[in-house]
């Protein structure tokens, strides 16, 4: 990175059931501190990865849905696959203020033990002067906020990519909006369809005007930019 103190490492992780069946696989990049900050950086090696998951890879983890018995009222939304249009933007309206105790509890549940999220004694003397909110918690908040407008998008089928654009701290309030990037019918599935979404989360800025990029620069309020597929009843 530009600081010469850290670098980016690509990691592939896979999760299996007890019988050996693959249930989850993903590639992510993580920022890692250099052991010796003065050491020269190794040659770059960036793997070739698809920018978007093929739709034939989606849906295997979702059991069949009886759409005629699916209760929109119980789900909290009447909008299904046919009600969304490519290019549509949705302001999720609600905001959620982050508190120190709840983000630490959530981060423990994610089995993340990094001191940057927990240790105020050390982080108070660090770059930000306080604990940093874990990125997985930010994604979780954005996904929860998206229920307002995407209430029937019950199944995250795959993540195409994303960025943690800026840090978040306790006391900030998170807002979010989403854009429908694509729609696809799934092979051998007449019960659900796939919708590709881009969800953008902000801190301390409501999303009625859909804050986004201005040229190459992100809006200063943007903290997350996530591209993913969801399944929704037809």
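Residue numbers (my numbering): 30 to 263.
In this text, a Cβ means the ideal position worked out from N, Cα and C, and glycines have one as well.
Distance, Cα to Cα, residue 211 vs residue 154?
For the purposes of this step, residue 211 is taken as residue 182 along the chain shown, with counting starting at 1. For the purposes of this step, residue 154 is taken as residue 125 along the chain shown, with counting starting at 1. Their backbone Cα atoms lie some 45 Å apart in a straight line.
According to DSSP, is residue 162 part of a helix, a strand, or is it coil?
Walking along the chain shown from the start, residue 162 turns up at place 133. Residue 162 carries a coil assignment under DSSP once its states are collapsed to helix, strand and coil.
Here's a check: name, in chain order, each residue in its chain whose Cβ is nearer than 8 Å to the Cβ of residue 199, leaving out the five neighbours to either side.
Your numbering for residue 199 matches position 170 in the chain shown. Apart from sequence neighbours up to five positions away, the residues of its chain that approach residue 199 with a beta-carbon distance below 8 Å are 127, 128, 129, 132, 159, 160, 162, ordered along the chain.
How would you label residue 181, buried or exposed, when you count the other beta carbons within 10 angstroms and need 16 or more for buried?
If you number the chain shown from 1, residue 181 lands on position 152. Buried, by the Cβ-count rule.
Run through the DSSP bridge pairs and tell me what residue 55 is partnered with.
The sequence position of residue 55 within the chain shown is 26, counting from 1. By DSSP's assignment, residue 55 forms a beta bridge with 42.
Name, in chain order, the residues that DSSP records as bridge partners for residue 63.
The sequence position of residue 63 within the chain shown is 34, counting from 1. Paired residue(s): none; residue 63 is not in a bridge.
Starting from residue 189 and walking both ways along the beta strand (DSSP E), at which residues does that stretch end?
Numbered from 1 along the chain shown, position 160 holds the residue referred to as residue 189. Element bounds for residue 189: 184-193.
Identify the continuous alpha helix (DSSP H) that holds residue 267 and give its terminal residues.
Residue coverage of the chain in this structure runs from 30 to 263, which leaves residue 267 outside it and unanswerable.
Member of 79, 67, 69, 50 whose CA lies at the smallest distance from the CA of residue 56
If you number the chain shown from 1, residue 56 lands on position 27. Taking residue 56 as reference, the option from 79, 67, 69, 50 with the minimal CA-CA separation is 79.
One question on the structure: do residue 254 and residue 229 come within less than 7 Å of each other, judged by their Cβ atoms?
On the chain shown, position 225 is the one that residue 254 refers to. On the chain shown, position 200 is the one that residue 229 refers to. Yes; because the gap between Cβ atoms is below 7 Å, this pair is in contact.
Can you grab the Cα-Cα spacing for the pair residue 138 / residue 48, in whole Å?
Against the chain shown, residue 138 aligns to sequence position 109. Against the chain shown, residue 48 aligns to sequence position 19. When the Cα atoms are used, residue 138 and residue 48 turn out to be separated by approximately 24 Å.
Where does the unbroken alpha helix (DSSP H) through residue 131 begin, and where does it stop?
On the chain shown, residue 131 is found 102 positions in, with the first residue counted as 1. Unbroken alpha helix (DSSP H) run through residue 131: 129-138.
Is residue 225 near residue 258, with beta carbons less than 7 Å apart?
In the chain shown, the residue the question calls residue 225 occupies position 196. In the chain shown, the residue the question calls residue 258 occupies position 229. Closer than 7 Å, so yes.
Under DSSP, the alpha helix (DSSP H) around residue 151 begins and ends at which residues?
Here residue 151 corresponds to residue number 122 of the chain shown, with the count starting at 1. Looking at the DSSP string, the run of the alpha helix (DSSP H) that includes residue 151 is 149-152.
Considering residue 204, what are the terminal residues of the beta strand (DSSP E) in which it resides?
Residue 204 sits at position 175 when you count from the first residue of the chain shown. Residues 202-214.
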